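**Q** Under the numbering used here, the letters of the sequence shown match residues -14 to 330, in that order.
Heads up, the beta-carbon is just placed ideally off N, CA and C, and yes, glycines get one too.
Please read all numbers here as calculations on a predicted model, not as lab measurements.
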Amino acid sequence: MTTRVRPSNKRCAVIGGSGFLGRHLVEKLLDRGYSVSVFDIRQSYELPGVAFHLGDLCDKQALLPAMKDVSLVFHCASPAPASDDRGLFERVNIQGTRIVIQACIEAGVQKLVLTSSASVVFEGTDIKNGREDLPYAKKPIDYYTETKIEQEKLVLEACDKEKGLLTVAIRPHGIFGPRDPQLVPILVDAARRGKMKFIIGDGTNLVDFTFVENVVHGHILAAEHLRPDSPICGQPYHITNDEPVKFWDFMSDVLVGLGYAAPRYHLPYALVYGLALLLWLLALILRPLVSFKPTFTPMRVALAGTHHYYNCERAKQDLGYKPVVSLKDGIARTVQSYPHLRQGA
Ligand SMILES: NC(=O)C1=CN([C@@H]2O[C@H](COP(=O)(O)OP(=O)(O)OC[C@H]3O[C@@H](n4cnc5c(N)ncnc54)[C@H](OP(=O)(O)O)[C@@H]3O)[C@@H](O)[C@H]2O)C=CC1
Ligand SMILES: CC(C)=CCC[C@@H](C)[C@H]1CC[C@H]2C3=C(CC[C@]12C)[C@@]1(C)CCC(=O)C[C@@H]1CC3
């Protein structure tokens, strides 16, 4: 007879642990006394107490060693939204997530926490104080979002108390913070190329930007509340800073903090959206001949010119969630962490 070793409650694996959010999560888990295995396609750092397993999450045989004796798995790997590669998103976010679930079951993992996205309900039009019961977007704004929807459904449907795998999904929005390779670098690049002079629309649209440590806090609370008798099993949770801010005020605070001018001139939303759509179509038609990536994509214009903020009451009620870093402090810490992106650096 073989006796199965019961995995320690403090052993976990972070799939995507080399990425922006993943690394912050790993650091906090270590602080809280967890031992951590990272599974990622690349290794971006070294830390005492972290075992790296490199591979593609679509390969179950590569995944299984990272889950050995692990009771809790965080899945926060995804191709970057900017890659805009439908085949890659489908392979990694949908087929790969099926494989992650199978591997969890085979390895005897008890809890799976998925990093989903609040954008799974966003169709490019206003969302004000959206709750988790909004329907999934019927027309998602891009392939990334389309596959994040399928990914979330797969993970939540896999929650099965009988089989012993409990699942939950965290839906963050607009994650920012030190080491983010997307938001601040894209913004600074646009500013340096003189493209941050304009405000799309009237500049009053409210959006959630969430400091990375609050997102990490939400993930750990979800993991620690995930028990067979808990109402959170198989549910999605919005995790935000709970301080919706005008999109263009946030952009201005970051730009001014780094020594760049704030955007000043207004452009009508419909005009910019129309132009972005035209450019996108042109890039699609010309793809066999030339490859160019416009800065203004319809998706980015929609994100920059509409309201999209979410209610996180459910996380407060069920997880005891409360942001641990305010928006003001989050922006200050972020700005301070990018000395190389300052004007003139
Ligand atoms: N950043 C944001 O504002 C938001 C992010 N999210 C979600 O949060 C999660 C983390 O995002 P973020 O930290 O910003 O992203 P990152 O790209 O920084 O991190 C993702 C990590 O996963 C790795 N990865 C990608 N494909 C595979 C694969 N096939 N096998 C193994 N590892 C892989 C990436 O490697 P490589 O870099 O080489 O591709 C990277 O190290 C994602 O699921 C994202 O959808 C949700 C809402 C908002
Ligand atoms: C809350 C949330 C989901 C934020 C999205 C983060 C990014 C998508 C944005 C970060 C920098 C933004 C940006 C633009 C669009 C949205 C971002 C990429 C523009 C391209 C919008 C058009 C411009 O005027 C230039 C902007 C550069 C920065």
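1) What residue from 115, 148, 220, 145 has the CA that sits closest to residue 191's CA?
2) Under the three-state reduction of DSSP, which class applies to residue 116: helix, strand or coil?
3) On the criterion of 16 or more Cβ atoms from any shown chain inside 10 Å, does residue 246 qualify as buried, or is it exposed?
4) Just checking my contact of residue 197 with residue 243 at CB under 8 Å: how many whole Å lie between their CB atoms?
5) With distance defined between alpha-carbon atoms, name the residue in 14, 211, 215, 146 nearest to residue 98.
6) Compare the C-alpha of residue 289 against each of 218, 87, 187 and name the closest.
7) With a cut-off of 8 Å on the beta carbons, I'd call residue 202 and residue 155 a contact; round off their distance for me.
8) Compute every distance between the C-beta of residue 43 and the non-hydrogen atoms of ligand 1, then say whether any falls below 7 Å.
9) Going by other Cβ atoms of all chains shown within 10 Å of its Cβ, with 16 needed for buried, is residue 226 buried or exposed?
10) Are the C-beta atoms of residue 182 and some chain B residue less than 8 Å apart?
11) Scan the stretch 242 to 326 and note each continuous beta strand (DSSP E) run of 3 residues or more that stays entirely inside, going in chain order.
12) Please report the residue range of the alpha helix (DSSP H) in which residue 16 lies.
13) When you compare the stretch 273 to 291 with the stretch 132 to 140, are there three or more beta-carbon pairs, one atom per stretch, that lie closer than 8 Å?
14) Based on Cα-Cα distance, which residue from 248, 159, 208, 253 lies nearest to residue 230?
15) When you compare only the Cα positions, how much space is there between residue -10 and residue 57?
16) List, from N- to C-terminal side, the alpha helix (DSSP H) runs of 4 residues or more that fit wholly inside the stretch 39 to 84.
17) Using only the heavy atoms of ligand 1, determine whether one of them is closer than 7 Å to the beta carbon of residue 14.
18) Per DSSP, which one or two residues make a beta bridge with residue 102?
**A** With the given structure in hand:
1) Measuring from the Cα of residue 191, the nearest candidate turns out to be 115.
2) Residue 116: coil per DSSP, three-state reduction.
3) Of the other Cβ atoms in all chains shown, fewer than 16 fall within 10 Å of the Cβ of residue 246; this residue is therefore exposed.
4) Contact between residue 197 and residue 243 does not hold, since their C-beta atoms are separated by about 18 Å, which reaches or exceeds 8 Å.
5) Taking only the C-alpha atoms, the option nearest residue 98 is 211.
6) Comparing Cα-Cα distances from residue 289 to each of 218, 87, 187, the minimum goes to 187.
7) About 10 Å; that fails the 8 Å criterion.
8) Indeed, a heavy atom of ligand 1 lies less than 7 Å from the Cβ.
9) Around the beta carbon of residue 226, 16 or more other beta carbons lie within 10 angstroms, which makes this residue buried.
10) No chain B is part of this structure, which consists of one protein chain only.
11) Whole beta strand (DSSP E) segments, 3+ residues: 250 to 252, 293 to 295.
12) DSSP places residue 16 inside the alpha helix (DSSP H), whose first and last residues are 5 to 16.
13) Verdict: no, contact absent.
14) Among 248, 159, 208, 253, the Cα nearest to that of residue 230 belongs to 159.
15) Note on residue -10: pLDDT 44, under 50, position unreliable in the model; the coordinate value appears next. Between the alpha carbons of residue -10 and residue 57 lies a distance of about 15 Å.
16) Whole alpha helix (DSSP H) segments, 4+ residues: 45 to 48, 71 to 74.
17) No, the Cβ of residue 14 stays beyond 7 Å of every heavy atom of ligand 1.
18) Bridge partners of residue 102: none, in fact.
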